[in-house]
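Single-structure report; data block below.
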Amino acid sequence: MREIGVRELKAGLSGVLRAVAEGEPVRVTRRGQPIADIVPAAARRRSNAWEKLIAEGRVTPSTMPHPAVPPVREHTGISASDTILAERDEER
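Residue numbers for the sequence shown follow numbering that gives the first Met the number 0, so the first one is 0 and each next one is one higher.
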């Protein structure tokens with residue numbers, strides 16, 4: 000994330016806002032201490048924690064394709080709870 004001082008921000012506000020509109024977040028500092036982050040409007044709406052970590056560069060998403068999840072087959076036999084109850088009855 001690009002850092003910019005308050006004076007530099009005031010002097011070049013239009014350019015900074017143009018960069019933010021293009022997707023570049025900017026951190027504003029006063030005497031070297033961060034006081035604000037200016038982020039694109041779309042980035043502000045991110046509520047997903049995973050997307051936030053990606054945006055901060057703290058995690059990198061996998062580039063490998065995700066395996067297809069096989070469809071769940073409908074089970075037409077005896078239920079698991081009935082099986083457990085039957086086994087329990089056999090043990091008694």
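All C-beta atoms, glycine included, are put in the ideal place defined by N, C-alpha and C.
Under the three-state reduction of DSSP output, T28 falls in the strand class. C-alpha of G31 to C-alpha of G14: approximately 21 Å in a straight line.
When A10, E86, I3 are compared, the shortest CA-CA separation from R29 is found for I3.
Across the set A67, L52, M0, the C-alpha of M0 shows the shortest separation from the C-alpha of P24. Along the length of the region 55-83, whole alpha helix (DSSP H) runs at least 4 residues long do not occur. Assigned with DSSP and collapsed to three states, E23 falls in coil, not helix or strand. Judged by DSSP secondary structure, R6 falls within the alpha helix (DSSP H) whose first and last residues are 5-10. Nearest to G22 by alpha-carbon distance, out of R72, V38, S78, T82, is V38.
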